[in-house]
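Beneath this line is the structure, given in structure tokens, with notes to follow.
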């Protein structure tokens, strides 16, 4: 079999010129997405709080949670300044909707930059969801049980609280790489405290404290489940280092087939390989970039990027078995490590 250098000999070392014309951000498209999703969320919140039946209250709240997840995905675009391209907007506005769900947006933004640099390369990646064989062997029986049932537990057990705890813990674990992380977590904590205190005072004023707590917990479950599923789908089973950072990101991510509406709601993150390799491309240009890069890989007779069947189908597939990161597969151009299912 040809080695990596032979396979990539004719491949441009920097693929950016191929997609350079796709990096311009149209602020009005991002603003429209943010405002339209926000209006849906606020409308569902109004319906929930104006309903007089518990079933309707919980039904509208659950539906609101689904769209709140899509709304929060806009904050991911903002981290890369590709939502509107307006720095002040992309830095400040996402905090207003993140803090309500106790999500430390500023902390996540700093950790997410490490994730883009380390995905497939450095096991300290703060967003790595998959465990290695050695980590599994060295951990306790209880943790081994968790690892074997990780997707189900993360979705239905840990959900949003788990993501908040993981992000907060990583802020301290990785503070040597980014000394500002603990301070950013403190600022996020102050923002969350202000937002939640305001909501609770308002609930007390209207004698709706119990309803507010239930309302928030339902949102936390729905938003957390969907966010956990997205985290797993994007990277689980894909860990590996190819020849060069761009190729590593193209192969260390999972892309997903879906209809245009779902792709819009997900901010184009179903084209996750492209987003990782070229984070400056706005969500509306990711499909075109994906097809261009996939065509170049085919032209150079290189493995295509991984494309899954869809969000629901791939979630069900991943839930059937756990995979551990093994040794690198030296015969694979993608650099993907062996994925161990028998342990």
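Residue numbers (my numbering): 12 to 354. Glycine included, every Cβ here is placed at the ideal spot set by N, Cα and C.
Give the DSSP-derived three-state secondary structure of residue i in the structure shown.
i, result
"residue 259", "helix"
"residue 41", "helix"
"residue 351", "strand"
"residue 248", "coil"
"residue 80", "helix"
"residue 267", "strand"
"residue 49", "helix"
"residue 345", "coil"
"residue 143", "strand"
Quick one: give me the first and last residue of the beta strand (DSSP E) that residue i is part of.
i, result
"residue 338", "335-339"
Alpha carbons only, please: which of the options is nearest the one belonging to residue i?
i, options, result
"residue 77", "241, 336, 95", "241"
"residue 53", "38, 283, 108", "108"
"residue 28", "127, 304, 199, 66", "304"
"residue 287", "72, 74, 67, 126", "126"
"residue 234", "171, 148, 51", "171"
"residue 246", "63, 110, 319", "319"
"residue 340", "350, 331, 334, 267", "350"
"residue 302", "282, 197, 314, 65", "282"
"residue 112", "93, 232, 133", "232"
Express the C-alpha separation of residue j and residue i in angstroms, rounding to a whole number.
i, j, result
"residue 106", "residue 81", "15 angstroms"
"residue 337", "residue 352", "10 angstroms"
"residue 345", "residue 285", "15 angstroms"
"residue 356", "residue 31", "Residue 356 falls outside the range modelled here, since the chain spans only 12 to 354, and no answer is possible."
"residue 214", "residue 57", "14 angstroms"
"residue 326", "residue 40", "29 angstroms"
"residue 296", "residue 120", "22 angstroms"
"residue 165", "residue 195", "25 angstroms"
"residue 71", "residue 87", "25 angstroms"
"residue 37", "residue 274", "17 angstroms"
Can you tell me whether residue i is buried or exposed, with buried defined as 16 or more other CB within 10 angstroms of its CB?
i, result
"residue 154", "exposed"
"residue 257", "buried"
"residue 239", "buried"
"residue 187", "exposed"
"residue 20", "Caution applies to residue 20, whose pLDDT of 49 falls short of 50 and renders its modelled position unreliable; the model cannot decide the point."
"residue 89", "buried"
"residue 293", "buried"
Over what stretch of residues does the alpha helix (DSSP H) that includes residue i continue unbroken?
i, result
"residue 288", "283-288"
"residue 157", "152-159"
"residue 27", "27-30"
"residue 212", "192-216"
"residue 105", "98-109"
With a threshold of 7 angstroms between beta carbons, is residue i in contact with chain D?
i, result
"residue 340", "The displayed structure is made up of one protein chain only, and chain D is not part of it."
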